[in-house]
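Sequences listed follow chains A and B, in order.
Per the working numbering, the first sequence starts with residue 1071, numbered consecutively.
Per the working numbering, the second sequence starts with residue 298, numbered consecutively.
This report concerns only the one structure given below.
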Amino acid sequence: MNIDSFRKIEQSVFYALVAVIGLIAMIGMGASYYMEEHGHVVTGMNNQIVWGMPHVFAVFLIVAASGVLNVASIGSVFGKTIYKARAPLSGLLAIAMLAGGLTVLMLDLGRPDRLIVAMTHYNFKSVFALNVILYTGFFSIVAIYLWTMMDRKMNGFSKYAGFGAFIWRLALTTATGSIFGLLVARQAYASALLAPMFIIMSFSFGLAVFITVQSVMYRWNGLVLDEAVRRRMKNLLGIFVSAVLYFTIVYHLTNLYYAKQVAFERFILLDGGIYTTLFWVGQILLGTLAPLAMLFYPDAAKKCNMVFFAALLVIIGGMCQIYVLIIGGQAFPLSIFPGMTESSSFFDGQIHSYSPSLPEFLLGLGGVAIAGLITTIAVRVLHFMPEDDFRHIERRVITD
Amino acid sequence: MSKVDNSRRNFIGAGAVATAGLVIAPGVTLFDMANAKPAGEAASSAKRWGMLIDSSKCTPGCNDCVTACGKENGVASTGHPQTDPQWIRKIELKELKSGRSHSLPMMCQHCAEPPCVDVCPTGASFKRADGIVLVDRHICIGCRYCMMACPYKARSFVHEEHHDQNPDVPRGKGCVEACTLCVHRVDNDQQPACVEACAAGNKDAMLFGDLNDPNSEISKRIATYATTQVRADLALNTGVRYQGI
């Protein structure tokens, strides 16, 4: 195959890809319309589990969006050259994933038609309201940052914009973690630990998403990532995954120390059914131990696929972690009368059940598709491909 | 000087007073009624509405308060127990050590420091000056953050359309709602429906009144007997207090 015919095929594949992702996004929008029309009674959410699958997708996308910008920050703020080459893609992914996450969050509202109310009425004591401001500000600041990187005349301002974006993203993830951290009512939350934990989770999930997207882009263009670059990125991912593990251990150990939290910990760690399985198998085994073994395996840097699959596992583990935190945290009943057993027609004192319905799953997937669509089109029309010094990059020869 | 007979004058005087009384009294009464709650007058922080529930008088299995609330506010079962809103519910409790049991109604505790008001992004969750915690259904976006924040599971999300609504209590799909302490009745100098129903059933387990007025029955009872705030550890200063637990 010569390069021209390859380009022709590649073009059709691109349009097919856009069509497929676009279709998934449309199905997601259709699902939200269905939920809107019939009310949330058609979802698995109820008056016990008030936040469900859409929130798992939305929180993952938003946390990973702030984390993926780290790649740019390491380049601009800390001056690492190999990360500088990746800064534009990192900024694009941050915007795309935040857009996807916010779309899901907004379309899951009971009254999404009142978006304008959310934009015009602020209760500044609410960390949710603060997040609305931080999210919209994040779009602007990352857009300016991208402009300073991609317009040669503006390059001089890139470091300052990058520094601003770095501070902003730390504030944003702190506020996202605080959505849960400031909930005094529930045993899973009400902990200042959640804010820094969300930051380290964002580092890990964001870098995993970046490595995955970068691998696909290189494969698509017939390029092979330089081994030194891959080694640095996989080591960094390993450190972030370990740090998330550390925070997870501290979170559960502190809970186990408080007598009033022991029953909740027992639920998550031992007899919580799906939540216990997702914690041990999803988050710890698949999302932490397996990727760590793959990332620190001798010569892992030489194996493209191993790093790619390790990053994929980190993403799956991250989804499991957020599912356990959000849904598992609500499934355990509120302790309204400590020291007493409670029963009522409103399910007091019982483990609450939740079965995600297809529409809410499709809405979440729609958010991922929106992020994918923005990324796919943007990398096609603008220059987002991470380019290292080509002396270190071997280009695969395309032959007939 | 001849003696004056005052009986005629006294009769005329008494007649004048009685006539004046008859003429003015209804006006005064009307003025008083009108003056009590002129339309549009804001709730005053001079009052703090509250409730005292005596669990020793509350019988297991009695659901009068729940039924009355449902009827008054148009909160009816749709056959979906997981998603049906409940503004007030009966909780049966059993102490783990002693096995002693209690039965009591649980609803919005109308906290002085309500977590639902703190977390609401748009300010739809708000506390009136007289302590009643409400949801402004015009600006509630249905995010359910208040439901995550409430330690009493007092709030419900409206998962589907509801018909046959009480015009005084409009409800809407996609918004969050909870006990309003029957604010529409309280503003008309009536008692909340649950309290009235409890008294009608000769239980008298629920007492409604002004916690700011030291001479009110509720304040006197709270000053005399040991009462409890549920989840007092959270220091939310609840408007609903319990006796007997």
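Just so you know, even glycine gets a beta-carbon here, dropped at the ideal spot from N, CA and C.
- Within the stretch 1383 to 1415 of chain A, Leu1404, Ile1406, Phe1407, Gly1409, Met1410, Thr1411, Glu1412, Ser1413, Ser1414, Ser1415 place their CB atoms closer than 7 Å to a CB of chain B, listed in sequence order.
- Around the C-beta of Phe1127 (chain A), 16 or more other C-beta atoms lie within 10 Å, and the residue is accordingly described as buried.
- Chain order gives the chain B residues near Asn1193 (chain A) as Cys417, Pro418, Thr419, Gly420, where near means a beta carbon separation below 7 Å.
- With 16 or more other CB atoms across the displayed protein chains lying within 10 angstroms of its CB, Asn1201 (chain A) is buried.
- The residues Phe1250, Ala1258, in chain order, have a CB closer than 8 Å to that of Leu1395 (chain A) in the same chain once the five nearest residues on each side in sequence are set aside.
- DSSP places Met1096 (chain A) within a helical segment (H, G or I) once states are collapsed to three.
- By the Cβ-count criterion, Asn1140 (chain A) is buried, with 16 or more other Cβ atoms from all chains shown falling within 10 Å of its own Cβ.
- Membership of Thr419 (chain B) in any beta strand (DSSP E) is not indicated, and neither H nor E is assigned to it by DSSP.
- In the three-state scheme derived from DSSP, where H, G and I count as helix and E and B as strand, Leu1433 (chain A) is classed as helix.
- Of all residues in the stretch 439 to 472 of chain B, only Gly439, Cys440, Arg441, Tyr442, Met444, Met445, Ala446, Cys447, Pro448, Tyr449, Lys450, Arg452, Ser453, Phe454, Val455, His456, Glu457, Glu458, Gly469, Lys470, Gly471, Cys472 come within less than 9 Å of chain A when Cβ atoms are compared, listed by chain position.
- Look at Tyr1424 (chain A) here: in three-state DSSP terms it is coil, with no helix or strand label.
- Apart from sequence neighbours up to five positions away, the residues of its chain that approach Ser398 (chain B) with a beta-carbon distance below 6 Å are Lys391, ordered along the chain.
- Of all residues in the stretch 1166 to 1187 of chain A, those with a C-beta nearer than 7 Å to a C-beta of chain B are Leu1179, Gly1180, Arg1181, Arg1184, Val1187, reading in chain order.
- The beta carbon of Thr380 (chain B) sits closer than 8 Å to some beta carbon of chain A.
- What Val1120 (chain A) touches in chain B, judged by beta-carbon distance under 7 Å, is Arg441, Met444, Met445, Phe454, going in chain order.
- Using a 10 angstroms sphere on the CB of His377 (chain B), the tally of other CB atoms stays under 16, which defines it as exposed.
- Secondary structure in the stretch 1316 to 1341 of chain A: the alpha helix (DSSP H) runs of 4 residues or longer, each lying completely within the stretch, are 1332 to 1336 in chain order.
- For the C-beta of Arg1256 (chain A), the chain B residues within less than 9 Å are, from N- to C-terminus, Met445, Ala446, Pro448.
- Linking Ser516 (chain B) to Val480 (chain B) through their CA atoms gives a straight-line distance of about 20 Å.
- When Cβ pairs closer than 8 Å are counted between the two stretches, the stretch 439 to 448 of chain B is seen not to touch the stretch 1203 to 1210 of chain A, the count staying below three.
- Closer than 8 Å to the CB of Cys408 (chain B) there is not a single CB belonging to chain A.
- Residues of the same chain with a CB within less than 6 Å of the CB of His456 (chain B), apart from the 5 flanking positions on each side, are Thr380 in chain order.
- Leu531 (chain B) is positioned such that its CB atom lies closer than 8 Å to that of Pro448 (chain B).
- Residue contact check for Leu531 (chain B) against chain A: a CB pair falls below 8 Å.
- The beta carbon of Phe1198 (chain A) sits closer than 8 Å to some beta carbon of chain B.
- Judged by their CB atoms, Val1197 (chain A) and Val1311 (chain A) are not nearer to each other than the 8 Å cut-off.
- Excluding residues up to 5 positions away in sequence, Arg1256, Ala1258, Tyr1259 lie with their Cβ nearer than 7 Å to the Cβ of Gly1399 (chain A) in the same chain.
- Bounds of the beta strand (DSSP E) holding Asp507 (chain B) are 503 to 507.
- Among the residues facing chain A, Gln540 (chain B) is not included, as its CB has no counterpart in that chain under 8 Å away.
- Against chain B, a Cβ distance below 8 Å from Val1126 (chain A) picks out nothing, because the smallest value is about 14 Å.
- Annotated three-state conformation of Arg1302 (chain A) is helix, per DSSP.
- According to the DSSP secondary-structure assignment, Val430 (chain B) is paired through a beta bridge with B:Lys424.
- In the three-state reduction of the DSSP assignment, Glu1297 (chain A) falls in the helix class.
- Taking a Cβ-Cβ cut-off of 8 Å, the neighbours of Ile436 (chain B) in chain A comprise Arg1184, Val1187, His1191, given in sequence order.
- Arg452 (chain B) and Leu1252 (chain A) have their C-alpha atoms some 18 Å from each other.
- Non-local beta-carbon contacts of Ala496 (chain B) in its own chain, meaning distances under 6 Å to residues more than five positions away in sequence, are absent.
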